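A short worksheet on the structure shown next.
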Amino acid sequence: MSELESRKRFEPREVEPRVMRRWLDSGLFHPEPEGSAAENSSIAIPPPNVTGALHMGHALNGAIQDALIRFHRMLGQRTKWILGTDHAGIATQRQVEKQLEAEGTTREQVGREAFVERVWRWREEYGGTIIEQFKRLGASCDYDDERFTLDDGYVEAVLKVFVDLYEQGLIYRDNYMVNWDPGLRSAISDLEVEQREVTDVLYEIAYPLAGGGELVVATVRPETMLADTAVAVNPDDERHRHLIGRTAILPLVGRELPIIADEYVKTDFGTGCLKITPGHDPNDFEIGRKHGLAEVTVIGEDGLMNANAGEFAGLPALEARKRVVQALGDAVRARTHYHHEVPYSQRSGERVEPLISLQWFMRMDELARPAIDAVREGRVRIHPESQARRYVEWLENIRPWCISRQLWWGHQIPVWYRGEETYVGTTPPEGDGWERDPDVLDTWFSSALWPFATLGWPHDTPELRAFYPTDVLVTARDILFLWVARMVMMGLRFPGDVPFTDVYVHSVIQAPDGRRMSKSLGTGIDPLDLIAGGPRPPVFQQGGTFPSYGADAVRFGLLAMSSTQDVRFSEEKIHQGAQLATKVWNASRFVLPRVGEGVRAAARPQTVEDRWILSRLQYAKRAMRRALDAFEFHHAALGLYDFVFGELCDRYIELVKPRLEDEPDVQATLLLVLRETLALAHPVIPFVTEEIWSHVPEAEGLLAGSRWPEVDESLIDPEAEAAVERQFAAVQAVRAWRDAVRVPPGPRLPARLDAPGYEQLADGIALLARLEWSPDGGDAIAAVPIPGGAVAVLATEAVDLEADRKLREQQRRTLRAEIARAEGKLANEGFVAKAPERVVQAERDKLEQLRRELAELDGAGG
RNA sequence: GGGCGCUUAGCUCAGUUGGUCAAGAGCGCCGCCCUUACAAGGCGGAGGUCGCUGGUUCGAGCCCAGCAGCGCCCACCA
Numbered sequence: 014m015s016e017l018e019s020r021k022r023f024e025p026r027e028v029e030p031r032v033m034r035r036w037l038d039s040g041l042f043h044p045e046p047e048g049s050a051a052e053n054s055s056i057a058i059p060p061p062n063v064t065g066a067l068h069m070g071h072a073l074n075g076a077i078q079d080a081l082i083r084f085h086r087m088l089g090q091r092t093k094w095i096l097g098t099d100h101a102g103i104a105t106q107r108q109v110e111k112q113l114e115a116e117g118t119t120r121e122q123v124g125r126e127a128f129v130e131r132v133w134r135w136r137e138e139y140g141g142t143i144i145e146q147f148k149r150l151g152a153s154c155d156y157d158d159e160r161f162t163l164d165d166g167y168v169e170a171v172l173k174v175f176v177d178l179y180e181q182g183l184i185y186r187d188n189y190m191v192n193w194d195p196g197l198r199s200a201i202s203d204l205e206v207e208q209r210e211v212t213d214v215l216y217e218i219a220y221p222l223a224g225g226g227e228l229v230v231a232t233v234r235p236e237t238m239l240a241d242t243a244v245a246v247n248p249d250d251e252r253h254r255h256l257i258g259r260t261a262i263l264p265l266v267g268r269e270l271p272i273i274a275d276e277y278v279k280t281d282f283g284t285g286c287l288k289i290t291p292g293h294d295p296n297d298f299e300i301g302r303k304h305g306l307a308e309v310t311v312i313g314e315d316g317l318m319n320a321n322a323g324e325f326a327g328l329p330a331l332e333a334r335k336r337v338v339q340a341l342g343d344a345v346r347a348r349t350h351y352h353h354e355v356p357y358s359q360r361s362g363e364r365v366e367p368l369i370s371l372q373w374f375m376r377m378d379e380l381a382r383p384a385i386d387a388v389r390e391g392r393v394r395i396h397p398e399s400q401a402r403r404y405v406e407w408l409e410n411i412r413p414w415c416i417s418r419q420l421w422w423g424h425q426i427p428v429w430y431r432g433e434e435t436y437v438g439t440t441p442p443e444g445d446g447w448e449r450d451p452d453v454l455d456t457w458f459s460s461a462l463w464p465f466a467t468l469g470w471p472h473d474t475p476e477l478r479a480f481y482p483t484d485v486l487v488t489a490r491d492i493l494f495l496w497v498a499r500m501v502m503m504g505l506r507f508p509g510d511v512p513f514t515d516v517y518v519h520s521v522i523q524a525p526d527g528r529r530m531s532k533s534l535g536t537g538i539d540p541l542d543l544i545a546g547g548p549r550p551p552v553f554q555q556g557g558t559f560p561s562y563g564a565d566a567v568r569f570g571l572l573a574m575s576s577t578q579d580v581r582f583s584e585e586k587i588h589q590g591a592q593l594a595t596k597v598w599n600a601s602r603f604v605l606p607r608v609g610e611g612v613r614a615a616a617r618p619q620t621v622e623d624r625w626i627l628s629r630l631q632y633a634k635r636a637m638r639r640a641l642d643a644f645e646f647h648h649a650a651l652g653l654y655d656f657v658f659g660e661l662c663d664r665y666i667e668l669v670k671p672r673l674e675d676e677p678d679v680q681a682t683l684l685l686v687l688r689e690t691l692a693l694a695h696p697v698i699p700f701v702t703e704e705i706w707s708h709v710p711e712a713e714g715l716l717a718g719s720r721w722p723e724v725d726e727s728l729i730d731p732e733a734e735a736a737v738e739r740q741f742a743a744v745q746a747v748r749a750w751r752d753a754v755r756v757p758p759g760p761r762l763p764a765r766l767d768a769p770g771y772e773q774l775a776d777g778i779a780l781l782a783r784l785e786w787s788p789d790g791g792d793a794i795a796a797v798p799i800p801g802g803a804v805a806v807l808a809t810e811a812v813d814l815e816a817d818r819k820l821r822e823q824q825r826r827t828l829r830a831e832i833a834r835a836e837g838k839l840a841n842e843g844f845v846a847k848a849p850e851r852v853v854q855a856e857r858d859k860l861e862q863l864r865r866e867l868a869e870l871d872g873a874g875g
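When the letters of the first sequence are read in order and numbered with this note's numbering, they come out as residues 14 to 875.
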C-alpha cells in the first residue's frame, strides 16, 4: 500500500510493461477453442502489413477493438481477438527491393527463389515489430495464436478458394484492358487507382479522309494515335453524320480508320469526332470490342513505345508525344490547356497506363448478390447506416476483379502451363515440362479469407466452430470495398456464413491542421511517441517532445476522438485521458488506505449523498455498457470522465471526507463504488485500473479477468439524485458569490439556510461551500439565491458590497428574464393544451421556484 | 456528373427518439486558493444570433426545403 500512497502520479512508463507482462503470463488473452460462436465472442484484427509500423489508424482501430474485447471478456464470454499480419505483397517486396538496391543489385539479378527467400528472412527479422507495438497499446490480442497470410495453412485456404472458383467458372484468364502500373510493372485493380487532377494540353488533330476532306479529333495523348483503329461520331450529330461509313487515314501511319457511329461520343465536347484507341483507353476498348475493331498496342509494359510505333519505337511515351506532335506539323490544329482527372496508382504514385494484358480475373456479380442480401437483411449490420448504402451501391455496380499481379512475393497462382495445356490445382501436376504461372494473387485476395482462414478453414477445426462467425469487424472507411465487402462475399461462399455480424466503420484521424496524416508530409503522429514522450512532428509548431502520456491516455484520447466522421487529431483529448488516469490513481490513493481492516465492498448508504453516488454509479455502468454496445466510443470515454471527475471525485469524495475515517459503512460504500468504477473504466484505461486493482483489498486475480459490474436496479434513486442536484446548485451559488464579493474561499462563514427541503443536505452544503450554520438569527448581510430559497450570510469581514450589489442585480435580471420566459410559455394555450402534462408541470414547478428565488433575493435588501 | 457527410465558445469536439438545454466538455483566457488524494490540482468566471433563409410545430441546435462554405466517396467525357 505504501507504494500506492507514495506516488502522486500514475507512472505509465514504469507500470505498463509490468502490467502487460502479468496479462500475458496469465493466459487470459488466449481462450481455448470451446463452445459455439454464438456464445463466444471474437474479433479478427484487420491484419497490419508485416512491413508496418504502428500508426494512428492502427492505434485508434486497436483502442476500439480492445475496448470491445475487454468488455466482452468481462461479460464472461470466451473471447478471442484473432491476431496476425498480412504479407502485403507490394509493400513488402518494395522493402526488400530497396535493400537490394542499397547493395547494388536487383531482384532480377538475384533471381526469384533467392529473392523470396530473402523476403522471408526480412520478415523473420522485422515482421514482429508491429505486433510488439500493439502490446504497447495494451491490446489484448491472442498473441499465442498469431497468423500470417503466407503460413502453410493459410496458403492451403487461398489455393483451395482459387481452384474452386476456377472450377466454378468465376475465375478466368483473359486478354483484357487493365490498369497497368508502370512503376510497379504490374497490373493493379480498379480500387488501387485514384483520380488526380492534372492540366494537360488538349490537341486537335486533323485526319484526312479517304477521297478528300478531313475531320478533326481531340486528344491529350497524341502518342496513342499510332494505335488508333477507328474514328467514332455520334449518330445524332448533324455535323458529322455524313462521315459515318467513310474512312479516315491515320496520319504518320497511313492506316485506314473506319468511321463508326456510337452513342458514347458526346456532341458537345471536343470536336465531336473521337479517335478510337482500343489498346490504350478503357472506353475505346469497350467501343472497340462492341464494334469488333482491331486492338493495336504501341506502348509496352515497360512504358516505352513498341515496334508498332514505327519510327517512335523505343521512346518513352512522353517523349514520343512530343515527337508525334512535331511530326504532325500543320495537322495539329489547336492546343488548349485542359484540366481534368486522370488515373494514378495508389501504390507507386505513377500515372496508370491502360493496357491490354493477359491476366487472371474474377467475376464478381454472382458473389456480390448474397453479400448484398446479407446486409439488406441485417445479417451483417454496418454502422453507421450511410456506409451500408455505400457498400450496397458498390456491390450492385461491381465489375470483374483483376487478381493477378506481376510480383514475386505472395501467393503464386496455382496454374501450370505446358504448350497449349493448362492445369489448375492445389498441387503441381504430374509429369514433366509444366511451367507454373509466374504471377501472384492480389494481396486482397488472401485478405478476403482472413476471418476463417485464420481459424483453420478449410478444415473443420475447433477454432472455426468456436469463433466463426466473428462478432464485429472494426475498420476505417477506406477499405470497405477493398476488404470488407470481399470478406462477406468469400465468407458466404466458402464457410457458408457471414464473417461477422457487425461492421463498425470508424473515423480517419487527420493531422491537427486538417491535412492527411502522412510521414512524408510531416503530418504523421506516431502513437508510440505519444505514449512514451517522443518528438513532436513538424505539424505541431511548438516543437519539442510530447509528455509521456501513457497508453491509457492515448487510448482514451483516441476513443474520445472517434466518430463516424473524420476528425482532426486533438492532443487535448490525449491530455484529458492522462488527467483521467491520474485522477483515478489519486482517488484510489486516497480511498484505499482509509478503508479499515476487514471492511468489504458493499452498498451501505447512510445519507442521501451515499444513495446519490450509488444511484449515479448504476447510471454510469449502464451508460458505459450502452455506449460500447452501440459502438459510441466517444460517449464511453467522455461519460467515464464526467462520472469520475464530476460525480465521484469533485463531489462524493469531497462530501464524504469527514465521515470516512470512522464509519465502516462509508468505507464499504466508497470501496464498492471505487471497485466498480475501476471495472467499468477498464476497457478504456486498462493499465491504470489494473495496477490499482492489485491494491484493492479482496480483489482477486486480474481486473481484466474479473466480471463486469451489473446494474443493481434497487440502488437507482431518482429522489436522491434530485436532492443532491439541488445541493450542488446551492454549493455552486455560494461559491460564486464568495468569489464575486472577494471573500476568500477558506474561512467558514456563519450563515442561515432560508430554504425548505434542505434538511438532509445542509451539512454537505456547509462543508463544500465553507459555511457554518448559525443557530441564532443575526443580521443577514447578504442572501445568496439557491434553488427554492436562499442562503443568508450572517456576518463577515470585508465583503465587497459593490460587487455584491452588482452580482445580485445581475441575478435579478437573469431570474426576471427566466420568469418572463416561463410565464410566456405557460400563457401559451397551445403549450398547456398540447404539451405532455409532465412537461407542463415541470415548467410550473420551475416558475414557482424562480419566483421564490427572486423573492428571497429582493427580501434580502440591497 | 452523381451520392454522402459536415458547419455549435478563440481551438478541437459532445449534444442519443424535438421539451429535463436558463446550450456542454477539454484546451486556451481571467480571478481566487499550495484546503492533509491529486498544483499535470481545486474553486469561480468571461466567451456562443448553434453557417444563412424560409417552413413544420404549442415548442427547433435537433425535423423539412432552399442557399453558402468545407470535406469525402463513386463515375469511361476524348
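Note that beta-carbon positions come from the ideal geometry of N, C-alpha and C, so glycine has one too. From a predicted model like this one, the values you see are computed outputs, not experimental measurements.
Neighbourhood of residue i by C-beta distance below 6 Å, restricted to the same chain and skipping five residues each side
i: A743; result: I778, I799
i: F84; result: L641, P696
i: R431; result: G446, W447
Rounded distance between the beta-carbons of residue j and residue i, thought under 8 Å
i: I103; j: R360; result: 5 Å
i: A200; j: S370; result: 6 Å
i: R783; j: G801; result: Not quite, the Cβ-Cβ distance comes to about 21 Å (not below 8 Å), so this is no contact.
i: V612; j: P677; result: 5 Å
i: R490; j: Q400; result: 7 Å
i: V487; j: Q78; result: 5 Å
Same chain, Cβ closer than 8 Å to residue i, neighbours up to 5 away in sequence not counted
i: S561; result: P25, R26, I544, A545, G546
i: Y156; result: L37, F42, H43, L96, I144, K148
i: G557; result: P548, R549
Reference residue i, options the options, closest by Cα
i: I95; options: K111, N53, E121, W447; result: N53
i: T620; options: I411, V567, D730; result: D730
i: S49; options: Q90, P60, K21, N74; result: Q90
i: I1; options: M69, G65, R22; result: An answer regarding residue 1 cannot be provided, because it is not within the stretch 14 to 875 covered by the chain.
i: N188; options: R478, C415, G391, L762; result: C415
i: A243; options: I289, P264, L265; result: I289
i: P508; options: S531, I522, R389, Y481; result: Y481
i: V63; options: E584, R136, L81; result: R136
i: E299; options: V191, E379, P264; result: V191
i: T260; options: E269, A746, R254; result: E269
i: A274; options: P248, N296, G283; result: P248
Cβ-based neighbour list, residue i, same chain, cut-off 7 Å, excluding 5 preceding and 5 following
i: A768; result: I799, G801, G802, A803
i: G609; result: P677, Q680
i: G874; result: Since pLDDT at G874 reaches only 46, below the 50 mark, its modelled position is unreliable, and the value read off the structure follows with that caveat. Same-chain partners within the cutoff: there are none.
i: A170; result: L462, A466, W470, P471
i: L408; result: A381, A384, I385, A498
Cβ neighbour criterion (16 or more within 10 Å) applied to residue i
i: D871; result: exposed
i: Y216; result: buried
i: D655; result: exposed
i: E689; result: buried
i: V852; result: exposed
i: V211; result: exposed
i: H100; result: buried
i: G267; result: exposed
i: P30; result: exposed
i: M33; result: buried
i: Q854; result: exposed
What residue ranges within the stretch 160-184 form continuous alpha helix (DSSP H) runs of no fewer than 4 residues, ordered along the chain? Fully enclosed alpha helix (DSSP H) runs of 4 or longer: 165-180.
Inside the stretch 70-143 only - beta strand (DSSP E) runs reaching at least 3 residues: Whole beta strand (DSSP E) segments, 3+ residues: 92-98.
Starting from the N-terminal side, write out each stretch of the alpha helix (DSSP H) that is 4 residues or longer and does not extend beyond the stretch 280-344. Runs found: 295-304, 330-341.
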